[in-house]
Amino acid sequence: MRVFLTGGTGFVGSHVAEVLQEAGHEVVALVRESSDVRHLNALGVERVVGSMGAAQALVEVLESCEAVIHVAGMTTGKSPRELFEVNGTGSGTLARVAAEAGVGRFVYVSSTAAQGPGQGREPRPRGVRPQPVSHYGRSKLMGEGAVLAVREQMGVTILRPPPVYGPRDRDMFQVFQLAKFGVGPVLGDGSRWLSVIHVHDVARAVLRCLEDEETANVYTVDDGGRYTWRDLTRIVGEAVGRRPVHLPIPQVLFGAAALLSEAGGKAVGATPIFNTDKYAEMSQQSWVCGHEVIAERLGWAPTLRLEEGARQTAQWYREQGWL
10 MRVFLTGGTG FVGSHVAEVL QEAGHEVVAL VRESSDVRHL NALGVERVVG SMGAAQALVE
70 VLESCEAVIH VAGMTTGKSP RELFEVNGTG SGTLARVAAE AGVGRFVYVS STAAQGPGQG
130 REPRPRGVRP QPVSHYGRSK LMGEGAVLAV REQMGVTILR PPPVYGPRDR DMFQVFQLAK
190 FGVGPVLGDG SRWLSVIHVH DVARAVLRCL EDEETANVYT VDDGGRYTWR DLTRIVGEAV
250 GRRPVHLPIP QVLFGAAALL SEAGGKAVGA TPIFNTDKYA EMSQQSWVCG HEVIAERLGW
310 APTLRLEEGA RQTAQWYREQ GWL
C-alpha cells in the first residue's frame, strides 16, 4: 500500500515510517524545507516538500496514495489559536483534501489529552463524553471531529496514545537525565496515576489501524501497566543504574513555574516548553487509559512494559552519547 505520512521527521512519525516499511508498505513523507531528513533518507523514504497549511497543493501526491497517516501536530504553541489552527483546522483540511483525492483510509494519531483524565487507577469509561482540560487536548479533539466529518467518504480511524517514550525522544529524556543524577522530581506526593507506551508499540498500533476494515473507530493504547509518578521515576532510575531520590514539587510552586515560563515566552516571542496548558494536564490525578478495545477488534497488544522499554531506551541514549 502507498501511504502518505505526516510527521515522519518527528519522534513518533519516524518510528511509524520504519514499521510501515518493514510491513512492505511504500511511504511518502511530507517534510518541510527546514526538516532534518537524515533518518528518512537512511530508510529510503520518498519525500514531498510542503506544509499542512497548504494541503490543497498536495492533491496530486494524495491521488497516488491509498492511505494517509497523520502524525504531525503541535503540542505547545505561542497561543491557543495556533494550536487550534494546526491540530484542529489543519487536520480537518488534510482529511477533506485526502477524501476528495480518493484516498481510501485515514489514520489520525491524536492523544489521550483529547478525551480527558482517567479515574484513579482506571481509564475514563468508554462512551463518556470527552472532557479535555487543556487547549492542546481541546485542539486534538477538534481535529478528531474534523477528521470524522469525512468518515462517509473514506475509512477513518483515530488513535489516542498516552505519553510516548523511546529512542529519539527528547521530552521523556529529561526524566532519564535527572535520574542519572539521582533526582526524581514528582508533583506533590507523586501519587498521581498515568499510563505510558513505548514508541515501537505505538507504531505497531498505527499499522493495525491502517488495516481497520471499519470506519469512525477511536482507540486508546497503553503498555498494560498502571504507574504513579513515583513508579515512573523509580523504574527510569533502575534503567540508568541509579536509585533517584524523590523530589516532591508543591503544586503551587509548579503552577508558579508554569506562569513564569509562559510570561517569559511571550516577552521574547518564543514558545515555552512548559506553560499553564501543560500544568492543567499534569496537575490531574489520573491519566490512565487502556487497550482492551483495540485488542479485541484489531488483535493489537503491547510488547514492552515500562521496565523493559526504559532499559532499552536508556541503552539507546547511552549509545548516542545522550547519557
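In my numbering, the protein residues as written are 10 to 332.
For every residue, glycine included, the Cβ atom is placed at its ideal position computed from N, Cα and C.
Can you pull the DSSP bridge partners for Glu55?
Residue numbering aside, residue 55 sits at position 46 when the sequence shown is read from its first letter. Answer by DSSP bridge pairing, in chain order: Val37.
Reducing DSSP to helix, strand and coil, say where Ser76 ends up.
Here residue 76 refers to the residue found at position 67 of the sequence shown. Residue identity differs from the one stated: residue 76 is Ala in this sequence, not Ser. Looking at Ala76 - three-state DSSP - the assignment turns out to be strand.
Tell me the residue span of the alpha helix (DSSP H) that contains Thr102.
Position 93 of the sequence shown, counted from the first residue, corresponds to residue 102. Per DSSP, Thr102 belongs to the alpha helix (DSSP H) from 100-109.
Thinking C-alpha only, which one of Thr224, Arg56, Arg47 is nearest Val36?
In the sequence shown, residue 36 corresponds to position 27, counting from 1. Looking at the Cα atoms, Arg56 is the closest of the given residues.
Buried versus exposed, by CB contacts within 10 Å (16 or more), Gln329
Mapped onto the sequence shown, residue 329 falls at position 320. Exposed.
From Thr285 to Pro257, what distance separates their C-alpha atoms?
As a first step, residue 285 is located in the sequence shown; it is residue number 276 there, counting from the start. As a first step, residue 257 is located in the sequence shown; it is residue number 248 there, counting from the start. Roughly 19 Å between the two C-alpha positions.
Could you spell out where the alpha helix (DSSP H) holding Val335 opens and where it closes?
Outside the shown range of the chain (10 to 332) lies residue 335, about which nothing can therefore be said.
Roughly how far, in whole angstroms, is the beta-carbon of Ser100 from the beta-carbon of Ala38, given that I think they are within contact range, below 8 Å?
As a first step, residue 100 must be located in the sequence shown, where it is residue number 91. As a first step, residue 38 must be located in the sequence shown, where it is residue number 29. About 17 Å; that fails the 8 Å criterion.
Going straight from the alpha carbon of Val77 to that of Arg114, what length do you get?
Position 68 of the sequence shown, counted from the first residue, corresponds to residue 77. Position 105 of the sequence shown, counted from the first residue, corresponds to residue 114. Cα-Cα distance, rounded: 6 Å.
Would you call the CB atoms of Gly22 and Val80 closer than 7 Å?
Numbered from 1 along the sequence shown, position 13 holds the residue referred to as residue 22. Numbered from 1 along the sequence shown, position 71 holds the residue referred to as residue 80. Yes; because the gap between Cβ atoms is below 7 Å, this pair is in contact.
Would the stretch 308-317 and the stretch 203-221 be scored as touching if the rule is three or more Cβ pairs under 8 Å?
yes
For Leu203, which beta-bridge partners are listed by DSSP?
By 1-based counting over the sequence shown, the position of residue 203 is 194. Partner(s): Tyr236, Trp296.
Cβ neighbours of Cys218 in the same chain (closer than 6 Å, five flanking residues each side left out):
If you number the sequence shown from 1, residue 218 lands on position 209. Only Val116, Thr166, Leu168 meet the Cβ criterion.
Can you tell me whether DSSP reads Leu219 as helix, strand or coil?
Along the sequence shown, read from residue 1 onward, the residue named residue 219 stands at position 210. Three-state DSSP puts Leu219 in a helix.
Express the C-alpha separation of Trp325 and Phe182 in angstroms, rounding to a whole number.
By one-based count along the sequence shown, residue 182 stands at place 173. By one-based count along the sequence shown, residue 325 stands at place 316. If I take the Cα positions, the gap works out to 11 Å.
For Ser200 and Met10, what's the separation of their Cα atoms in angstroms?
Within the sequence shown, numbered from 1, the residue matching residue 200 stands at position 191. Within the sequence shown, numbered from 1, the residue matching residue 10 stands at position 1. Ser200 and Met10: Cα-Cα distance of roughly 45 Å.
Just the C-alpha distance for Trp238 and Glu72, rounded to the nearest angstrom, thanks.
If you number the sequence shown from 1, residue 238 lands on position 229. If you number the sequence shown from 1, residue 72 lands on position 63. Straight-line Cα distance between these residues: approximately 46 Å.
For Gln30 and Ala51, the rounded distance between their alpha carbons:
Working through the sequence shown from its first residue, we reach residue 51 at position 42. Working through the sequence shown from its first residue, we reach residue 30 at position 21. Their backbone Cα atoms lie some 12 Å apart in a straight line.
Length of the line joining the Cα atoms of Leu106 and Met61
Along the sequence shown, read from residue 1 onward, the residue named residue 106 stands at position 97. Along the sequence shown, read from residue 1 onward, the residue named residue 61 stands at position 52. The identity of residue 106 in the sequence shown is Val, whereas the question assumes Leu. One C-alpha to the other measures close to 11 Å.
Residues of its chain near Arg130, where Cβ-Cβ distance is below 7 Å and the 5 sequence neighbours each way are ignored
Here residue 130 is taken as the residue at index 121 of the sequence shown, counted from 1. The residues are Trp202, Arg235, Val297.
Inspect the CB distances between the stretch 299-311 and the stretch 209-227 and report whether three or more fall short of 8 Å.
yes
Would Ser88 be called buried (16 or more neighbouring beta carbons within 10 Å of its own) or exposed?
Looking up residue 88 in the sequence shown gives position 79. Classification for Ser88: exposed.
Can you find the residues in the same chain that come closer than 7 Å, C-beta to C-beta, to Val249, ignoring five residues on each side of it along the sequence?
Residue mapping note: residue 249 aligns to position 240 of the sequence shown, counting from 1. Cβ neighbours of Val249 beyond the five flanking positions: Phe185, Ala188, Lys189, Ala323, Leu332.
For a quick check, are the C-beta atoms of Ala108 and Val159 less than 7 Å apart?
Taking the first residue of the sequence shown as position 1, residue 108 is located at position 99. Taking the first residue of the sequence shown as position 1, residue 159 is located at position 150. Yes, the Cβ-Cβ distance between Ala108 and Val159 is below 7 Å.
Rounded to whole angstroms, what's the CA-CA distance from Tyr288 to Thr102? Just pull it up for me.
Position 279 of the sequence shown, counted from the first residue, corresponds to residue 288. Position 93 of the sequence shown, counted from the first residue, corresponds to residue 102. Cα to Cα, the separation comes out at about 30 Å.
Any idea which residues DSSP pairs Thr15 with across the strands?
In the sequence shown, residue 15 corresponds to position 6, counting from 1. Paired residue(s): His79.
Count the other CB atoms within 10 Å of the CB of Leu49; is the residue buried (16 or more) or exposed (fewer)?
Taking the first residue of the sequence shown as position 1, residue 49 is located at position 40. Looking at its Cβ environment, which holds 16 or more other Cβ atoms inside 10 Å, Leu49 is buried.
Roughly how far, in whole angstroms, is the beta-carbon of Pro3 from the beta-carbon of Ala123, given that I think they are within contact range, below 8 Å?
The requested residue 3 is not part of the displayed model; the chain covers only 10 to 332.
Cα-Cα separation between Val142 and Cys74, rounded to whole angstroms:
Looking up residue 142 in the sequence shown gives position 133. Looking up residue 74 in the sequence shown gives position 65. About 36 Å.
Pair within 7 Å by beta-carbon distance, Ala212 and Val40:
Within the sequence shown, the letter at position 203 stands for residue 212. Within the sequence shown, the letter at position 31 stands for residue 40. Contact flag unset, no.
Relative to the C-alpha of Glu153, which candidate in Gly193, Phe93, Pro194 has its C-alpha closest?
As a working note, residue 153 is residue 144 in the sequence shown. The residue with the shortest Cα to Cα distance from Glu153 is Phe93.
With 16 other Cβ atoms within 10 Å as the buried cut-off, status of Val254
If you number the sequence shown from 1, residue 254 lands on position 245. So Val254 ends up on the exposed side.
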